[in-house]
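So for the sequence shown, this note's numbering puts the first residue at 16; every next one is plus one. We put the CB at the ideal spot given by N, CA and C, even for glycine. Following: one structure in structure tokens, then a few remarks.
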Amino acid sequence: MLEFHPGLILILGGLIAALVPKRLRQVVMVGTPLLAIWATLSLKVGTQWQYLFINNMELIVLKADRLSLLFAFVFSLLALLGCIYALHLERPGETMAALFYAGSSLGVIFAGDWLTLILFWEIMAISSVFLVWNKRSPQALAAGFRYIIIHFLGGSLLLAGIFLQVSGGQLVIAPLTGMSGWSYWLILLGISINTAIPPLHAWLTDAYPEATLTGSVFLCALTTKTAVYTLIRVFPGTRLLLWLGVIMVIYGVIYAILENDIRRLLSYHIISQVGFMVVGVGIGTELALNGAAAHAYNNILYKTLLFMGAGAVIYATGYEKLTELGGLYRQMPLTALFFNIGAFSIAGLPLFSGFVSKPMLMSAATLSQMPAVELLLYLGSIGTFLSITLKLNYFMFFGPKREIKVK
């Protein structure tokens with residue numbers, strides 16, 4: 016059976032989408048992610064593509080195992096859902112940026128060596144900023160510049176650490192847990208910036224609310240989850256990550272409870288939910304790592320749904336502040352329904368996806384005899400319920416009805 020790199024399929028689709036008329040571009044937008052899903056499902060565990068590079072270095076452009084295939088499938092699915100959501104777009108540049116962004120994220124997921132990883136890591140940073148700039152407002156332009164500066168800084172730190180790793184003869188990506196030295200800390204710091212670990216998080220809550228409505232659907236899912244995947248690969252069981260993750264969980268929900276801007280509130284929740292995953296990486300047990308991967312998978316789905324719902328409300332009403340909205344369930348019943356599916360999932364309510372992955376992480380903390388960590392994760396979950404399932408729902412859909420004209 017022929018095998019194709021799912022990430023390269025999306026990148027090629029982005030190039031084609033930029034060159035064809037709108038009607039044909041819509042076909043490409045749906046067909047390309049479907050091909051990426053097919054290519055991912057066609058890959059067998061153990062598949063590895065190796066190529067000789069300069070000085071007889073062997074690059075592993077694609078390495079498929081259960082973890083990489085799990086992330087690749089949900090990234091490809093996200094690309095499909097995001098492209099369907101973006102079918103109305105008139106400008107091809109945003110479609111091209113979104114497909115390049117998703118494709119380069121898959122490139123990182125399948126990378127088996129450090130040089131391949133950093134190549135796709137930088138493409139991911141460059142392509143994603145255009146999802147902010149495409150809004151074409153002064154605020155988006157400024158936020159995009161701040162975004163790209165921070166990501167170039169993170170990429171430079173990661174590149175420096177990788178250079179030291181490769182100079183020491185370690186080209187293949189392998190766990191660094193228990194090691195020390197400059198390469199260890201530079202790589203950890205570079206990845207931490209993309210993970211949005213406080214105080215390295217400001218780029219996320221600055222840029223994501225200023226992105227286009229369709230751009231924020233891609234942004235909310237890819238950069239931070241790609242970083243989480245890399246942490247699982249490289250730093251499992253790193254105790255520093257355990258406590259940094261706990262800080263993320265609590266920090267994110269506190270600011271989400273206080274926030275009035277819809278997408279900025281959801282952006283703070285990205286930090287909080289990624290914190291759950293980072294805690295799992297820090298605990299490092301099999302249950303914890305499986306919980307981190309499962310929560311990343313679930314988070315991509317329900318966070319995408321939440322940003323789609325928020326985008327629909329903003330597009331239909333023209334308002335982005337919670338205090339300007341109210342009573343929309345009468346005018347937008349389907350949006351309210353699907354938004355609530357995402358809200359119940361992120362809160363971890365029974366019968367929804369978060370109810371599976373969050374207890375995995377809490378149980379991992381219990382089995383590792385970390386009661387304080389478990390308690391803080393519970394508090395974070397309560398804060399999530401208060402700020403999204405109750406607060407967002409009330410102000411957008413079920414609060415006092417306002418005289419709002421819906422498109």
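DSSP, read as helix, strand or coil, puts Lys-240 in helix. Looking at the DSSP output, Tyr-66 sits in a beta bridge with Leu-74. Secondary structure of Lys-37 (DSSP, three-state): helix.
Partner residues in a beta bridge of Val-60, as assigned by DSSP, do not exist. Phe-68 sits exposed, since fewer than 16 C-beta atoms from the chains shown fall within 10 Å of its C-beta. Under a 10 Å Cβ-count criterion, Trp-53 is classified as exposed, with fewer than 16 other Cβ atoms of the shown protein chains found around its own Cβ. Residue Cys-235 holds the alpha-carbon nearest to the alpha-carbon of Thr-319 among Ile-269, Leu-25, Cys-235. One thing to note: Gly-395 has its Cβ within 8 Å of the Cβ of Val-268.
Non-local C-beta neighbours of Glu-105 in its own chain, meaning closer than 8 Å and more than five positions away in sequence, comprise Lys-37, ordered along the chain. Within the same chain, Leu-302, Asn-305, Gly-306, Ala-309 come within 7 Å of Met-375 by CB-CB distance, once the 5 residues on both sides are set aside.
Contact holds between the stretch 74-92 and the stretch 45-52, because three or more Cβ pairs, one in each stretch, are under 8 Å apart.
A distance of 8 Å or more separates the beta carbons of Thr-220 and Arg-161.
In the DSSP assignment, Ala-362 falls within the unbroken alpha helix (DSSP H) covering 348-362.
Between Gly-169 and the set Trp-218, Lys-420, Leu-156, Thr-192, the nearest pair of CA atoms involves Trp-218. Following the DSSP letters along the chain, one finds Tyr-266 inside the alpha helix (DSSP H) bounded by residues 254-273.
The C-alpha of His-20 lies about 29 Å from the C-alpha of Leu-201. Beta-bridge analysis with DSSP links Asp-276 to Lys-336. DSSP places Gly-193 in no alpha helix (DSSP H); its state is neither H nor E. Here Gly-29 has Met-111, Leu-114, Phe-115 as same chain residues with Cβ atoms under 6 Å from its own Cβ, once five neighbours each way along the sequence are excluded. In terms of Cα proximity to Ile-361, the closest of Phe-178, Tyr-317, Leu-191, Asn-70 is Tyr-317. By the criterion of at least three beta-carbon pairs nearer than 8 Å, the stretch 336-349 is not in contact with the stretch 378-397. A distance of 8 Å or more separates the beta carbons of Asn-408 and Gly-369.
Phe-115: member of the alpha helix (DSSP H) spanning 107-125, first to last residue. Under DSSP, Asp-128 forms a beta bridge with Val-187. With a threshold of 16 other beta carbon atoms within 10 Å, Ile-133 meets it and is buried. The C-beta separation of Asn-275 from Leu-337 comes to about 5 Å, placing the pair in contact by the 8 Å criterion. Burial is judged here by how many other beta carbons sit within 10 angstroms of a residue's own beta carbon; Met-139 has at least 16 and is buried.
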